[in-house]
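J.: In this text, residue positions in the sequence shown follow the UniProt record's numbering: the first is 1, and each later residue adds one.
Sharing a structure here in C-alpha cells format.
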Amino acid sequence: MKRTIPLQEHPEFSIIDGYGWREFRVEAPGGRRRAASRLPSIGGLWLDACVVSGVAYCWKAATSTTPGMAVLFMVLLLYVYTRSTQIQWESVVIFPSIGIQLETHKGFAGVSLLASRKFVPWSSLEDFLINEGLRGWDVRYYCVAINRTLEGSLQLEVAFENILPRFPILLEVYHGVQEALQIEIERRTEPSV
Numbered sequence: 001m002k003r004t005i006p007l008q009e010h011p012e013f014s015i016i017d018g019y020g021w022r023e024f025r026v027e028a029p030g031g032r033r034r035a036a037s038r039l040p041s042i043g044g045l046w047l048d049a050c051v052v053s054g055v056a057y058c059w060k061a062a063t064s065t066t067p068g069m070a071v072l073f074m075v076l077l078l079y080v081y082t083r084s085t086q087i088q089w090e091s092v093v094i095f096p097s098i099g100i101q102l103e104t105h106k107g108f109a110g111v112s113l114l115a116s117r118k119f120v121p122w123s124s125l126e127d128f129l130i131n132e133g134l135r136g137w138d139v140r141y142y143c144v145a146i147n148r149t150l151e152g153s154l155q156l157e158v159a160f161e162n163i164l165p166r167f168p169i170l171l172e173v174y175h176g177v178q179e180a181l182q183i184e185i186e187r188r189t190e191p192s193v
C-alpha cells in the first residue's frame, strides 16, 4: 500500500494505491492529518475536560436520586454518541473492472467506528462528473456518480457529500475516475479474438 499527497497545498487529500484498488481520500477538518495523528484536536480535549469536570461537580447531586441518575446517564450517552459519530474521512475507491465505491467513515479521534458504503458497478455507471450548486451566494462544487437503476431511471450518488472538498481535490478525483472509466469502456468494446 502506497500513500501519496498529490496536492501539497491540500494535505487533507491523499491517494492510496493498494493491490487492485485505488482510494482517493479526503480527511475531515481536524482529522488524522495532524502531527498528533491519533489524538483529538485541542478544542475537543477542552470540551472533553469541561464535560468531565461538569460530571464530577454534579455527581453527588445527580446520583442521589433515580431521575437525576437517569438524566446524567442520558446526557453522557448523548455526548458520547455525538463525539463518536463525527466524520473522519470520505473516499472514492476505484476497483478496476468492478466499479467504484463511495465511503463515509465516522468515528472519534481518527479511529473509524462506523462506515457507510455505496457501490456503483461499471455496468450501471453512466458518468462521473463535477457539478456546481448554489447555496445562498456561495458556489459549491461536488463530484457525482450518475448510475442507471434496474428500472432504467438515473440516480445520482454524491461523493464527499459531508466534507465538500475544494475544486482542485475534486478535479484530481474526477481525472482518476474518468481514466478508470475510459479503460473499462475500452475493455468492454474490445473485439474478442
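Cβ coordinates follow ideal geometry from the N, Cα and C atoms, glycine included.
1) Out of LEU113, SER153, ALA109, state which residue places its alpha-carbon closest to the alpha-carbon of GLU126.
2) Terminal residues of the continuous alpha helix (DSSP H) containing ILE183?
3) Starting from the Cα of PRO165, find the closest Cα among VAL75, TYR141, ILE146, VAL71 and give me that residue.
4) Thinking just about the alpha-carbon of each residue, which of LEU114, ILE15, VAL144 is nearest to the one in THR82?
5) Using the beta-carbon count (16 or more within 10 Å), is LEU39 buried or exposed?
6) Assign GLU179 to one of two classes, buried (16 or more other C-beta atoms within 10 Å of its C-beta) or exposed (fewer than that).
7) Can you tell me whether THR104 is helix, strand or coil according to DSSP?
8) Look at TRP89 and ARG135 and say whether their C-beta atoms are less than 8 Å apart.
9) What is the rounded straight-line gap between the Cα of SER97 and the Cα of LEU156?
10) Can at least three beta-carbon pairs, one atom from the stretch 8-24 and one from the stretch 91-106, be found at a separation below 8 Å?
11) Does DSSP put PRO121 in a helix, in a strand, or in coil?
12) Taking the DSSP output, what are the residues bridged to LEU156?
13) If you drop the 5 nearest sequence neighbours on each side, which residues of the same chain put their C-beta closer than 8 Å to that of GLU161?
14) By DSSP, does GLY99 sit in helix, in strand, or in coil?
15) My output table needs one value for GLU49: the three-state DSSP class, helix, strand or coil.
16) Assign GLU27 to one of two classes, buried (16 or more other C-beta atoms within 10 Å of its C-beta) or exposed (fewer than that).
17) Tell me which residues share the same chain as ARG117 and place their Cβ nearer than 6 Å to its Cβ, disregarding the 5 neighbours each side in the sequence.
18) What residue from GLU12, LEU129, ASP138, GLY99 has the CA that sits closest to SER123's CA?
T.: So, to answer that:
1) Start at 1 with the first residue of the sequence shown, and residue 126 comes out as number 126. When only C-alpha atoms are compared, the closest one is SER153.
2) Reading the sequence shown from its first residue, position 183 is the one you call residue 183. The continuous alpha helix (DSSP H) containing ILE183 extends over residues 167-189.
3) In the sequence shown, the residue the question calls residue 165 occupies position 165. Among VAL75, TYR141, ILE146, VAL71, the Cα nearest to that of PRO165 belongs to TYR141.
4) The count along the sequence shown starts at 1 and reaches residue 82 at position 82. Ranking LEU114, ILE15, VAL144 by CA distance to the CA of THR82 puts LEU114 first.
5) Here residue 39 is taken as the residue at index 39 of the sequence shown, counted from 1. Annotation note: pLDDT 48 at LEU39 (below 50); position unreliable, no value reported.
6) Taking the first residue of the sequence shown as position 1, residue 179 is located at position 179. For GLU179, the number of other beta carbons within 10 angstroms of its own is below 16, and it is reported as exposed.
7) As a first step, residue 104 must be located in the sequence shown, where it is residue number 104. THR104 carries a strand assignment under DSSP once its states are collapsed to helix, strand and coil.
8) Residue mapping note: residue 89 aligns to position 89 of the sequence shown, counting from 1. Residue mapping note: residue 135 aligns to position 135 of the sequence shown, counting from 1. No, they are not a contact pair.
9) Here residue 97 refers to the residue found at position 97 of the sequence shown. Here residue 156 refers to the residue found at position 156 of the sequence shown. Looking at the backbone, the Cα of SER97 and that of LEU156 are separated by about 21 Å.
10) Yes, the stretch 8-24 touches the stretch 91-106.
11) Counting from one through the sequence shown, the residue named residue 121 turns up at place 121. Correct three-state label for PRO121: strand.
12) Position 156 of the sequence shown, counted from the start, is the residue given in the question as residue 156. The partner list for LEU156 (beta bridge, DSSP) reads ILE146.
13) Within the sequence shown, the letter at position 161 stands for residue 161. Only GLU90, THR104, TYR142 meet the Cβ criterion.
14) Your numbering for residue 99 matches position 99 in the sequence shown. Strand at GLY99.
15) For the purposes of this step, residue 49 is taken as residue 49 along the sequence shown, with counting starting at 1. A quick correction: the sequence has Ala, not Glu, at residue 49. Assignment of ALA49 by DSSP, reduced to helix, strand and coil, places it in the helix class.
16) The residue given as residue 27 occupies position 27 in the sequence shown. GLU27 comes out buried.
17) The residue you call residue 117 lines up with position 117 of the sequence shown. The beta carbon of ARG117 sits closer than 6 Å to those of GLN101, GLU103, all from its chain and outside the five residues before and after it, given in chain order.
18) As a first step, residue 123 must be located in the sequence shown, where it is residue number 123. Looking at the Cα atoms, GLY99 is the closest of the given residues.
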